[in-house]
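One structure is given here, and the rest of the page talks about it.
Protein chains: 2
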Amino acid sequence: VVEFINVKKIYDMGEVKVEALKGISFEILKGDYVIIMGPSGSGKSTLLHIMGCLDRPTSGKVLIDGEDTSKMNDSKLARLRNQKIGFVFQSFNLLSKLTALENVELPMIYAGIEKRKRKKRAIELLEMVGLGDRLNHRPNQLSGGQQQRVAIARALANDPPIILADEPTGNLDTKSGEEILKIFKMLHESGKTIIVVTHDPDMIHEGKTLIKIKDGLIEGVEVLEFV
Amino acid sequence: VVEFINVKKIYDMGEVKVEALKGISFEILKGDYVIIMGPSGSGKSTLLHIMGCLDRPTSGKVLIDGEDTSKMNDSKLARLRNQKIGFVFQSFNLLSKLTALENVELPMIYAGIEKRKRKKRAIELLEMVGLGDRLNHRPNQLSGGQQQRVAIARALANDPPIILADEPTGNLDTKSGEEILKIFKMLHESGKTIIVVTHDPDMIHEGKTLIKIKDGLIEGVEVLEFV
Ligand SMILES: Nc1ncnc2c1ncn2[C@@H]1O[C@H](COP(=O)(O)OP(=O)(O)OP(=O)(O)O)[C@@H](O)[C@H]1O
Ligand SMILES: Nc1ncnc2c1ncn2[C@@H]1O[C@H](COP(=O)(O)OP(=O)(O)OP(=O)(O)O)[C@@H](O)[C@H]1O
Ligand SMILES: [Mg+2]
Ligand SMILES: [Mg+2]
Chain D
14 VVEFINVKKI
24 YDMGEVKVEA
34 LKGISFEILK
44 GDYVIIMGPS
54 GSGKSTLLHI
64 MGCLDRPTSG
74 KVLIDGEDTS
84 KMNDSKLARL
94 RNQKIGFVFQ
104 SFNLLSKLTA
114 LENVELPMIY
124 AGIEKRKRKK
134 RAIELLEMVG
144 LGDRLNHRPN
154 QLSGGQQQRV
164 AIARALANDP
174 PIILADEPTG
184 NLDTKSGEEI
194 LKIFKMLHES
204 GKTIIVVTHD
214 PDMIHEGKTL
224 IKIKDGLIEG
234 VEVLEFV
Chain A
14 VVEFINVKKI
24 YDMGEVKVEA
34 LKGISFEILK
44 GDYVIIMGPS
54 GSGKSTLLHI
64 MGCLDRPTSG
74 KVLIDGEDTS
84 KMNDSKLARL
94 RNQKIGFVFQ
104 SFNLLSKLTA
114 LENVELPMIY
124 AGIEKRKRKK
134 RAIELLEMVG
144 LGDRLNHRPN
154 QLSGGQQQRV
164 AIARALANDP
174 PIILADEPTG
184 NLDTKSGEEI
194 LKIFKMLHES
204 GKTIIVVTHD
214 PDMIHEGKTL
224 IKIKDGLIEG
234 VEVLEFV
């Protein structure tokens, strides 16, 4: 469902070039549950953003469901993102002028879902992540972990087949974090492809595949099913 | 060094009032290493912001080094913050137009430190957190964990006697997180008072005192020295 072929990402800062990804190749099969781990600064978020079509590689190919994303223009890419990919950002990226409810409704507005249906779904999603009593709070009226949970609810709004989550439990206590992992487990069992970047070693018990990143390169790929 | 006397914080949202802190009282002695834990949304960041004089309680008293903060005007409070308190924010709060180096220099500019001295110290602090090769990156050219480490370096800029850190390792891999804990340990052994809000249960091995918060109240205070 996701394939990278020798993907490189170079940030050109004038006198300095930062090689964030130095040639990444792998294939993720439909319905997998992939954990991506690696040191701070090793390229995980860069990788996930390119995978989620939020950024383009400097060179190399990215295939989503067999389609070459470099052949797509920006609007086709945006539609692909809106329909197929739910993205949880490491720094949440919520819109500060909108309430929690409105933030979760936003992807459904783009998908053309009618008002009553999307409001109902947004409420259900926020209740599922324990924020039923925070619907009308704006992001700066929410705790860090509450903002993170709004970002998770928003990623699930259009029931996308692929979920990309960048450190989704970093601001959550153990119990809230386990609630989120239960949700991901349930989504995975319903057939979705889950790809999570995390620093939490316990997540090794959740996933089926582990990809280890170091210095912009894949250090190893492991099967986790018998751990 | 820090004393709370029946501190309450109520957010008035018109038709709804959120009681983030419902009456918190405790004393932190000079040189302690306090860990604050509790569920997402329980009031930890609110508590830490009031402790760091970034916010005022709705009612109750806060004493820093015996001085009643409610008797101070905003400029006196700002000077107290700049000289005595280093604050690491849960969402970093870096200035997006400044480089990592300039962000770390900022508190020293307010303290009137001359240019050459503060630049030298900012470089040393960024090297200490492993960002010696990222001095001229702006926050959006840094990974999440790198931004977190710039926020930590900035909090230490004026060598403050009190360090307040709101989930300082949430975006760091285990190894980078341990580097930060080593720095905190060293600062503690040099006589500083360290107060860390964290969701990481391993931090229980670092601190001397544990304060557990739940629903805006203190659920328990434990001595950790024999764990
Ligand atoms: N400006 C505000 N207006 C209304 N409610 C607020 C505001 N700021 C915070 N809150 C609420 O106060 C409560 C405490 O928030 P706080 O940020 O202190 O939690 P926390 O313990 O730090 O949580 P986390 O672990 O998720 O960071 C939360 O339930 C939050 O929704
Ligand atoms: N816009 C940019 N310009 C220059 N360098 C960048 C830019 N964005 C990221 N980098 C660099 O690319 C590298 C990879 O960043 P990335 O955000 O992918 O790391 P990460 O693995 O997600 O780290 P973390 O675990 O800290 O979130 C980092 O060293 C970072 O400094
Ligand atoms: Mg990252
Ligand atoms: Mg918080």
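Residue numbers (this note's numbering), protein chains in the order written: chain D, 14 to 240; chain A, 14 to 240.
Every residue, glycine too, gets a C-beta built ideally from N, C-alpha and C.
Determine, using beta carbons only, whether Gly183(A) comes closer than 7 Å to chain D. Counted from its first residue, the second sequence places residue 183(A) at position 170. Gly183(A) has a beta carbon lying within less than 7 Å of a beta carbon in chain D.
Mind checking whether the beta-carbon of Thr211(A) lies closer than 6 Å to any heavy atom of ligand 1? In the second sequence, the residue the question calls residue 211(A) occupies position 198. It does not: the Cβ of Thr211(A) is nowhere closer than 6 Å to a heavy atom of ligand 1.
is_contact[Gly54(A), chain D] using C-beta, thresh 7 Å: Your numbering for residue 54(A) matches position 41 in the second sequence. Yes, Gly54(A) counts as interfacial toward chain D.
Closest residue to Asp186(A) among Gln159(A), Ile175(A), Thr82(A) and Val117(A) (Cα-Cα distance): Counted from its first residue, the second sequence places residue 186(A) at position 173. Shortest Cα-Cα distance from Asp186(A) to any of Gln159(A), Ile175(A), Thr82(A) and Val117(A) involves Gln159(A).
Determine the DSSP secondary structure at Asp25(D), reduced to helix, strand or coil. In the first sequence, the residue the question calls residue 25(D) occupies position 12. Looking at Asp25(D) - three-state DSSP - the assignment turns out to be strand.
Can you name the start and end residues of the beta strand (DSSP E) that Ala33(A) belongs to? For this step, residue 33(A) is matched to residue 20 along the second sequence. From DSSP, the beta strand (DSSP E) with Ala33(A) extends over Lys30 to Ile41.
Is Ile48(A) near Met199(A), with beta carbons less than 7 Å apart? Within the second sequence, residue 48(A) is the residue found at index 35, counting from 1. Within the second sequence, residue 199(A) is the residue found at index 186, counting from 1. It is not a contact, given that the beta carbons lie outside the stated cut-off.
For the region 157-189 of chain D, enumerate the residues whose C-beta is nearer than 9 Å to any C-beta of chain A, in chain order. Residues of the region 157-189 of chain D that bring their beta carbon within less than 9 Å of a beta carbon in chain A comprise Gly157, Gly158, Gln159, Gln160, Gln161, Arg162, Asp179, Glu180, Thr182, Gly183, Asn184, Leu185, Asp186, Thr187, Lys188 and Ser189, in sequence order.
List, from N- to C-terminal side, the beta strand (DSSP E) runs of 3 residues or more that fit wholly inside the region 173-233 of chain D. 175-179, 206-210 and 222-227
Measuring CB to CB, does Gly183(D) end up less than 7 Å from Gly73(A)? As a position in the first sequence, residue 183(D) is number 170, starting the count at 1. As a position in the second sequence, residue 73(A) is number 60, starting the count at 1. No, these two residues do not count as a Cβ contact at 7 Å.
Three-state secondary structure (DSSP) of Ser72(D): Reading the first sequence from its first residue, position 59 is the one you call residue 72(D). Here Ser72(D) sits in strand by DSSP.
Using Cβ-Cβ distances below 8 Å, what residues of the region 96-111 of chain A are close to chain D? Gln103 and Ser104
Should the region 163-174 of chain D be regarded as contacting the region 120-132 of chain D, the criterion being three or more beta carbon pairs within less than 8 Å? yes
At 4 residues or longer, and completely inside the region 52-102 of chain A: list those alpha helix (DSSP H) runs for me, N to C. Runs of the alpha helix (DSSP H) inside the region 52-102 of chain A: 57-64 and 87-97.
Compare the Cα-Cα distances from Ala166(A) to each of Val210(A), Leu223(A) and Lys133(A) and report the closest residue. Residue 166(A) sits at position 153 when you count from the first residue of the second sequence. The shortest C-alpha separation from Ala166(A) is found at Lys133(A).
For Val117(D), name the three-state secondary structure that DSSP assigns. To locate residue 117(D), count along the first sequence from 1; it is residue 104. Val117(D): helix per DSSP, three-state reduction.
Between Arg94(D) and Asp87(D), what straight-line distance do the alpha-carbon atoms span, to the nearest angstrom? By one-based count along the first sequence, residue 94(D) stands at place 81. By one-based count along the first sequence, residue 87(D) stands at place 74. C-alpha separation (whole angstroms): 10 Å.
Apply the 10 Å Cβ neighbour rule to Pro248(D) and answer buried if 16 or more other Cβ atoms are within range, or exposed otherwise. Past the edges of chain D, shown from 14 to 240, lies residue 248(D), and the structure says nothing about it.
C-alpha distance - Asp228(A) paired with Lys22(A), whole-angstrom precision: Taking the second sequence and counting its residues from 1, the one referred to as residue 228(A) is at position 215. Taking the second sequence and counting its residues from 1, the one referred to as residue 22(A) is at position 9. Within the model, the alpha-carbon separation for Asp228(A) versus Lys22(A) is close to 12 Å.
Interface residues of chain D facing Phe233(A) [CB-CB closer than 8 Å]: On the second sequence, position 220 is the one that residue 233(A) refers to. A small fix is needed here, since residue 233(A) is Gly in this sequence, not Phe. Correct list: empty, because the minimum Cβ distance to chain D is about 15 Å.
Find the nearest neighbour of Leu34(A) within the set Glu40(A), Asp45(A) and Gly56(A), judged by alpha-carbon distance. As a working mapping, residue 34(A) is identified with position 21 in the second sequence. It is Gly56(A) whose Cα lies nearest to the Cα of Leu34(A).
For Met50(D), write down the residues that DSSP places opposite it in a beta bridge. Numbered from its first residue, the first sequence carries residue 50(D) at position 37. Answer by DSSP bridge pairing, in chain order: Lys225(D).
Let's test the definition: count the other Cβ atoms within 10 Å of the Cβ of Asp146(A) and tell me whether it reaches 16, buried, or not, exposed. Here residue 146(A) refers to the residue found at position 133 of the second sequence. The residue is exposed, with fewer than 16 neighbouring Cβ atoms inside 10 Å.
Contact belief for Lys195(D) with Ile176(D) at Cβ below 8 Å, rounded distance in angstroms: Counting from 1 along the first sequence, the entry for residue 195(D) is found at position 182. Counting from 1 along the first sequence, the entry for residue 176(D) is found at position 163. That pair is no contact at about 14 Å.
Given that Gly51(A) touches chain B, what residues does it touch there, using C-beta distances under 9 Å? The displayed structure is made up of protein chains D and A, and chain B is not among them.
Under the assumption that His201(D) contacts Ile207(D) (Cβ atoms under 8 Å), give the Cβ distance between them as a whole number of angstroms. Here residue 201(D) refers to the residue found at position 188 of the first sequence. Here residue 207(D) refers to the residue found at position 194 of the first sequence. That pair is a contact at about 5 Å.
Which residue's Cα is closest to the Cα of Gly143(D): Gly65(D), Ser104(D), Arg162(D) and Ile77(D)? Within the first sequence, residue 143(D) is the residue found at index 130, counting from 1. For Gly143(D), the closest of Gly65(D), Ser104(D), Arg162(D) and Ile77(D) by C-alpha to C-alpha distance is Arg162(D).
Leu155(D) versus Gly54(A): straight-line alpha-carbon distance, rounded: Within the first sequence, residue 155(D) is the residue found at index 142, counting from 1. Within the second sequence, residue 54(A) is the residue found at index 41, counting from 1. Here the alpha carbons of Gly54(A) and Leu155(D) stand approximately 8 Å from one another.
Have a look at the DSSP bridge pairing and note the partners of Val142(A). What you label residue 142(A) is simply residue 129 of the second sequence in a count that begins at 1. Bridge partners of Val142(A): none, in fact.
So, helix, strand or coil for Asn245(A), using DSSP? Residue 245(A) cannot be examined here, being either before or after the span of chain A that is shown, 14 to 240.
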